[in-house]
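As they're listed, the protein sequences go chains E and Y.
When we follow numbering that gives the first Met the number 0, the leftmost residue of the first sequence carries the number 0, and every step to the right adds one.
When we follow numbering that gives the first Met the number 0, the leftmost residue of the second sequence carries the number 0, and every step to the right adds one.
Note that the Cβ used here is the ideal one computed from N, Cα and C, for glycine as well.
Note sheet for the following structure.
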Amino acid sequence: MADSRDVVFIDGVRTPFGKAGSLYAETRADDLVINCIRELVRRHPELPPERIDEVAIAATTQIGDQGLTVGRTAALLAGLPRSVPGFSIDRMCAGAMTAVTTTASGIAFGAYDVVIAGGVEHMGRHPMGEGVDPNPRIIAEKIVDPSAMVMGSTAENLHDRFPRITKERSDAFAVLSQQRVEQAYANGILTEALVPVATRSQEHGWGLATADEPPRPGTTMEALAGLKTPFRSHGRVTPGNTAGLNDGATASLLAAADVAAELGLPSAMRMVGFAFAGVDPEVMGVGPVPATEKALQRAGLTIDDIGAFEINEAFAVQVLAFLDHFGIEAEDSRVNPYGGAIALGHPLASSGVRLMIHLARTFRDNPDIRYGITTMCVGLGMGGTVIWENPRHQSSATSRQQGSKENQQ
Amino acid sequence: MISTGSELAALLDRASAMMPDETITRAIPHDVALPGGAGTAVLITLDNGLDHTKPNTFGPGSLTELNRALDATLDRDDIVAVAVTGKPFIMAAGADLKGVSQITDASDAEAIARIGHGVFNRLRTAKVPTFGLINGLALGGGLEISLNCTYRTVNSSAPAIALPECFLGLVPGWGGCYLLPNLIGPQNALKVIIENSLNQNKMLKGFQAYELGIADAMFDGADFLERSLDWVSKVVRGEITVERPELDRGQAWADAVAGAKAFVDLKVSGAAPAPYKALELVLAARDSDAETAFAAEDSALAELIMSEELRSGLYAFDLVQKRAKKPAGAPDKSLARKVTKVGVVGAGLMASQLALLFLRRLEVPVIMSDLDADRAQKGLDGVHGEIDKLLGKGRINPDTANRFKALISATTDQSDFADCDFVIEAVFEEMKVKKQVFAGLEKVVSDECVLATNTSSLSITEMASELEHPERVVGFHFFNPVAILPLLEIIAGEKTDDATLATAFATSKGLKKNSVLVSDAPAFVVNRVLTRLMGEITAAVDEGTPVEVADQALRPLGLPMSPFVLLQLVGPAVALHVAETLRDTCGDRFGVSPNLQAIVEAKKPGIYDWTAEGKPYVSDETKALLTLGDNPSTAEQVRERALNALAEEIGLMLSEGVVAAPMDIDLCLILGAGWPFHTGGITPYLDRSGASEATNGQRFLPKGVASVA
Numbered sequence: 000m001a002d003s004r005d006v007v008f009i010d011g012v013r014t015p016f017g018k019a020g021s022l023y024a025e026t027r028a029d030d031l032v033i034n035c036i037r038e039l040v041r042r043h044p045e046l047p048p049e050r051i052d053e054v055a056i057a058a059t060t061q062i063g064d065q066g067l068t069v070g071r072t073a074a075l076l077a078g079l080p081r082s083v084p085g086f087s088i089d090r091m092c093a094g095a096m097t098a099v100t101t102t103a104s105g106i107a108f109g110a111y112d113v114v115i116a117g118g119v120e121h122m123g124r125h126p127m128g129e130g131v132d133p134n135p136r137i138i139a140e141k142i143v144d145p146s147a148m149v150m151g152s153t154a155e156n157l158h159d160r161f162p163r164i165t166k167e168r169s170d171a172f173a174v175l176s177q178q179r180v181e182q183a184y185a186n187g188i189l190t191e192a193l194v195p196v197a198t199r200s201q202e203h204g205w206g207l208a209t210a211d212e213p214p215r216p217g218t219t220m221e222a223l224a225g226l227k228t229p230f231r232s233h234g235r236v237t238p239g240n241t242a243g244l245n246d247g248a249t250a251s252l253l254a255a256a257d258v259a260a261e262l263g264l265p266s267a268m269r270m271v272g273f274a275f276a277g278v279d280p281e282v283m284g285v286g287p288v289p290a291t292e293k294a295l296q297r298a299g300l301t302i303d304d305i306g307a308f309e310i311n312e313a314f315a316v317q318v319l320a321f322l323d324h325f326g327i328e329a330e331d332s333r334v335n336p337y338g339g340a341i342a343l344g345h346p347l348a349s350s351g352v353r354l355m356i357h358l359a360r361t362f363r364d365n366p367d368i369r370y371g372i373t374t375m376c377v378g379l380g381m382g383g384t385v386i387w388e389n390p391r392h393q394s395s396a397t398s399r400q401q402g403s404k405e406n407q408q
Numbered sequence: 000m001i002s003t004g005s006e007l008a009a010l011l012d013r014a015s016a017m018m019p020d021e022t023i024t025r026a027i028p029h030d031v032a033l034p035g036g037a038g039t040a041v042l043i044t045l046d047n048g049l050d051h052t053k054p055n056t057f058g059p060g061s062l063t064e065l066n067r068a069l070d071a072t073l074d075r076d077d078i079v080a081v082a083v084t085g086k087p088f089i090m091a092a093g094a095d096l097k098g099v100s101q102i103t104d105a106s107d108a109e110a111i112a113r114i115g116h117g118v119f120n121r122l123r124t125a126k127v128p129t130f131g132l133i134n135g136l137a138l139g140g141g142l143e144i145s146l147n148c149t150y151r152t153v154n155s156s157a158p159a160i161a162l163p164e165c166f167l168g169l170v171p172g173w174g175g176c177y178l179l180p181n182l183i184g185p186q187n188a189l190k191v192i193i194e195n196s197l198n199q200n201k202m203l204k205g206f207q208a209y210e211l212g213i214a215d216a217m218f219d220g221a222d223f224l225e226r227s228l229d230w231v232s233k234v235v236r237g238e239i240t241v242e243r244p245e246l247d248r249g250q251a252w253a254d255a256v257a258g259a260k261a262f263v264d265l266k267v268s269g270a271a272p273a274p275y276k277a278l279e280l281v282l283a284a285r286d287s288d289a290e291t292a293f294a295a296e297d298s299a300l301a302e303l304i305m306s307e308e309l310r311s312g313l314y315a316f317d318l319v320q321k322r323a324k325k326p327a328g329a330p331d332k333s334l335a336r337k338v339t340k341v342g343v344v345g346a347g348l349m350a351s352q353l354a355l356l357f358l359r360r361l362e363v364p365v366i367m368s369d370l371d372a373d374r375a376q377k378g379l380d381g382v383h384g385e386i387d388k389l390l391g392k393g394r395i396n397p398d399t400a401n402r403f404k405a406l407i408s409a410t411t412d413q414s415d416f417a418d419c420d421f422v423i424e425a426v427f428e429e430m431k432v433k434k435q436v437f438a439g440l441e442k443v444v445s446d447e448c449v450l451a452t453n454t455s456s457l458s459i460t461e462m463a464s465e466l467e468h469p470e471r472v473v474g475f476h477f478f479n480p481v482a483i484l485p486l487l488e489i490i491a492g493e494k495t496d497d498a499t500l501a502t503a504f505a506t507s508k509g510l511k512k513n514s515v516l517v518s519d520a521p522a523f524v525v526n527r528v529l530t531r532l533m534g535e536i537t538a539a540v541d542e543g544t545p546v547e548v549a550d551q552a553l554r555p556l557g558l559p560m561s562p563f564v565l566l567q568l569v570g571p572a573v574a575l576h577v578a579e580t581l582r583d584t585c586g587d588r589f590g591v592s593p594n595l596q597a598i599v600e601a602k603k604p605g606i607y608d609w610t611a612e613g614k615p616y617v618s619d620e621t622k623a624l625l626t627l628g629d630n631p632s633t634a635e636q637v638r639e640r641a642l643n644a645l646a647e648e649i650g651l652m653l654s655e656g657v658v659a660a661p662m663d664i665d666l667c668l669i670l671g672a673g674w675p676f677h678t679g680g681i682t683p684y685l686d687r688s689g690a691s692e693a694t695n696g697q698r699f700l701p702k703g704v705a706s707v708a
């Protein structure tokens, strides 16, 4: 059996995210992810495409243009060699994250050298819950509370569990997310990972998506205060402190560290470890807490070792629950420095890689940060966390390896 | 040239009023932010709102839409580029020809020519660079819109890029004849404008258009538009400079045109005006400025739009596109029975060709039979050999070759045909033999099994007459070479039932043939018309007209080959046999030439021998065989006589009900004999030459159907 190998995140790209029913209303889901795959291959001419051993694409609703084993069909349609296999994967919001951890495990095991892992969700074409058929025992035997099936309701439940997290705190966090996205756009940070997508519209003709559609620069507390709470009357969860319904796709390139070195592929992050954990489905938003604790424990690290956090902002309350638990300020610059899903959007199964793209950028700009995590909550009560190491950090194993290699040359 | 916007708008209004039923292709401008901060471009999408089976077209209303989009775009100071592209898979299929065929006034024709130029020229003269993003099918004006742009990109997998105007009887007159040679040189341009269009309207794939230099950049279908706009951005930013090869504007230009003229002469013998006009325009393109060149294109277009040749061409095109796909008189296709196994009686050359065709197209088991085991094996080996050839040429892959070889078999025992649903005989052309074959088959096959005959002259009704189930017999007449010629004459005998006929039509479609329903008349359609024609030519020779004069008399029609060259191809013995059959059944208007008999008796392959350069001549030996009279005719007299004979024969065929309408005669001659579009098959030519009225007292087709109304 092969010894466990180091896995590195080479690069990640994504389509601009759209609002469901708007930017990509007449653009196919598979075309979104095909664009990402082709962009990765184009950005890395040093990678012979036939060296790609797997294409894992996540989608929550695997029907229609997200069906037909989209990992394989997207690989074929993207023009990858027919010898490159592919599959589809689903863990709802953590789909792309699970595509990454699953294929990374395969790399560590020696089954793959290089993989593409990503996700797509066209929530305009495939609304949450499309075509589902919940087992009647869920209700009959009270397996979970019916509110667990409605994500907004689980967010309200989370406010109940943590009374310290008020609507005002949630709204303030949402404003921060919008401000940080606006700033990151101004600094040119977000565009570098974007793949322009031709948008089809029979009425308006072809267009070209080059920027995210959801952000609302200039969002104020006052504006948010007036929004409705659709999940509970006089509730706390509003469209303003929640990620919207979005369309988008992401893809990343992962490789065994030694293969990356052989091919000259640049390492952006080294995977340290990961964990998924289950929680009460009624408060699924708390999932990142046990997932992170589990991942830290297995990696032999503590929360104090983590210098950068990319936490998915499905709901502001769920981010605040995490930060409160670990005693981190909501405004801490280590947390989502380029903003998050409340402003950018959250096309479910694609978001995991979007977090990794942001973390990789943070690592690149901050060689002094050694470890970071990407973490997210998952429907039906789960959380997932991946711990990454910055290869630019002086103590990093990868950095030492690369250094010694350079010395030899 | 149109000098002002209001003049153009007025012309567009006038032209739009001519064609009120046009399907409008919208031109939708949309601002796009070019990647890399290059600025804003306007991307104009052409979209008629229908799916890809109904391509965008440019009628006057559509050009008006495009003109409005340009009005809203070109004066803007905040844009850095304008790009034009099409709806998914389709750029545009060119001018709306349905409207063009209705024009009766020369000045209307000129208006149509001028509006295309007027609108497209705005892209050529815009103050910002313009880009044609050829995302898919781009024909005629659908390509010329991009030729008028400063730059072009093309989708490598675009299925069809062409300037098919000469094929129909027009010239690429919205800039094509001037802009294309000045872009890619006269030789390449003439390949597109002349050679491809006169070679059964051959089209380029996207990558071929790129190789010829029609596009400056090529991208894959997966992200064609994204990559094209990225390229646009790089051109705008100066990151990419487009280099095009320097053209040789010397003698080579004239030589290229002269070369193409020789090709046109070979193809149409001076009979079709369009390609010659195109040659003139391409020649002049070397030195003309755009304004002069476009004016010349306008008048060429206007003249051709009013030509009988174009109207016949449009009529022929419509027959091939529509009537050929829905054969007149064919029963409801739901009556067709499934064909899961095919039998071919005979293992000779024709039988082997048929077996291979059924095998390739229907992909069902095909069994061949011959009474003699060696001959059966030889037939089978022949088919295996053809399969290997296809494999060698890369036309099929090894798996398919294996599949075909497993599907084909040969036998000497006709009981092996028991589970066939469709059996075709290709045995010796004699009634007695064919009747025997069918009688034998009827003992082993099911009651519904279709028995088809490839006879070229025998009566289907008689062939079926002694069978227990005569309703299952049908004529299935192929044309040689069966793999290539698209026509199939399907002949109903007196008792042939609808299920059998429907099965025959469905099978024909499966074989990718175009079929015409013909009644059980002597020699059916193509052979009857050709034999009557040949009879007149040989009679003229018999009377003393020199062979060359008689044989060249029909040159002004531009037929694919002269009568005596055709005779050589068919074989004098076969031709004589059909002539005799027709004389016996139809009477003395079908002559049997003693000179033809002499040639057959001397076992000559035809009238001609061939020089080393491939020119036909009459050898002294052949001359010695001929007995010529002393009443020679001029070419003109021969032609008049031949045309009148054709008009008479076709008139008789229609009154006998051999086919449903003159259109079916034309379709048969176009698809089965390769007769040209510019004669519309033949009845439009007979109408316009006056032969129809002189002979039958009336036209075959009302004015306006295949002519200017």
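C-alpha of Y:Asp-20 to C-alpha of Y:Ala-105: approximately 21 Å in a straight line. DSSP, read as helix, strand or coil, puts Y:Thr-452 in strand. Identification of residues in the segment 16–41 of chain E having a C-beta nearer than 7 Å to some C-beta of chain Y yields Ile-33, Asn-34, Arg-37, given in sequence order. Here the alpha carbons of E:Gly-123 and Y:Leu-162 stand approximately 41 Å from one another.
Spatial neighbours of E:Phe-161 in its own chain (CB-CB distance under 8 Å, excluding positions within 5 residues in sequence) are listed in chain order as Val-316, Leu-319, Ala-320, Asp-323. Within chain Y, no residue has its CB atom less than 9 Å from the CB of E:Gly-70, the nearest being about 16 Å off. Taking C-beta separations shorter than 6 Å and ignoring five residues to either side along the sequence, the partners of E:Asp-64 in its chain run Arg-27, Ala-28, Asp-29, following chain order. Counting only Cβ-Cβ distances below 7 Å, E:Gln-201 has contacts in chain Y at Asp-46, Gly-48, in chain order. Under DSSP, the beta-bridge partners assigned to E:Trp-387 are E:Met-270, E:Gly-371. When only Cα atoms are considered, Y:Thr-84 and Y:Asn-120 end up about 17 Å apart.
Relative to E:Gly-17, the option among E:Gly-383, E:Leu-343, E:Ile-56 whose CA is nearest is E:Leu-343.
In this model, Y:Val-449 and Y:Ser-507 are separated by some 13 Å (Cα to Cα).
By the neighbour-count criterion, in which a residue is buried when 16 or more other Cβ atoms sit within 10 angstroms of its Cβ, Y:Trp-252 is buried. For E:Ser-87, the uninterrupted beta strand (DSSP E) segment begins and ends at 85–88. Listed in chain order, the non-local C-beta contacts of Y:Thr-499 below 7 Å within the same chain comprise Val-449, Glu-470, Arg-471, Val-473, local neighbours out to five positions each way being set aside.
If the five residues before and after E:Asp-170 are omitted, its C-beta is found closer than 8 Å to the C-beta atoms of Met-220, Leu-223, Ala-224, Thr-237, Gly-239, Asn-240, Ala-315, all from its own chain and listed in chain order. Burial check for Y:Asp-50: the Cβ neighbour count within 10 Å stays below 16, so the residue is exposed.
Between the segment 172–185 of chain Y and the segment 244–258 of chain Y, the count of Cβ pairs shorter than 8 Å is three or higher; the stretches touch. The Cβ atoms of Y:Thr-44 and Y:Asp-30 lie no closer than 8 Å to each other.
With a threshold of 8 Å between beta carbons, Y:Glu-225 makes contact with chain E.
Interface flag for E:Gly-378 against chain Y is unset, since no Cβ pair is found closer than 8 Å. Burial state of Y:Gly-115 is buried, judged by a 10 Å Cβ sphere holding 16 or more other Cβ atoms.
Within the segment 634–703 of chain Y, the runs of alpha helix (DSSP H) that reach at least 4 residues and sit entirely inside it are, in chain order, 634–655, 661–672, 682–688, 690–695. Close to Y:Leu-42, with beta-carbon spacing below 8 Å, are these residues of chain E in chain order: Gly-204, Trp-205, Gly-206, Leu-207. Proximity of chain Y to E:Val-83 at the Cβ level (cut-off 9 Å) is not reached, the minimal Cβ distance being about 15 Å.
Under the three-state reduction of DSSP, Y:Asn-47 is assigned to coil, being neither helix nor strand. Listed in chain order, the alpha helix (DSSP H) elements of length 4 or more contained wholly in the segment 173–236 of chain E are 220–224.
Per the coordinates, the alpha-carbon of E:Thr-291 lies some 49 Å from the alpha-carbon of Y:Val-234.
Listed along chain E, the residues sitting closer than 7 Å to Y:Ala-221 by beta-carbon distance are Ile-33, Arg-37, Leu-76, Ala-77, Gly-78.
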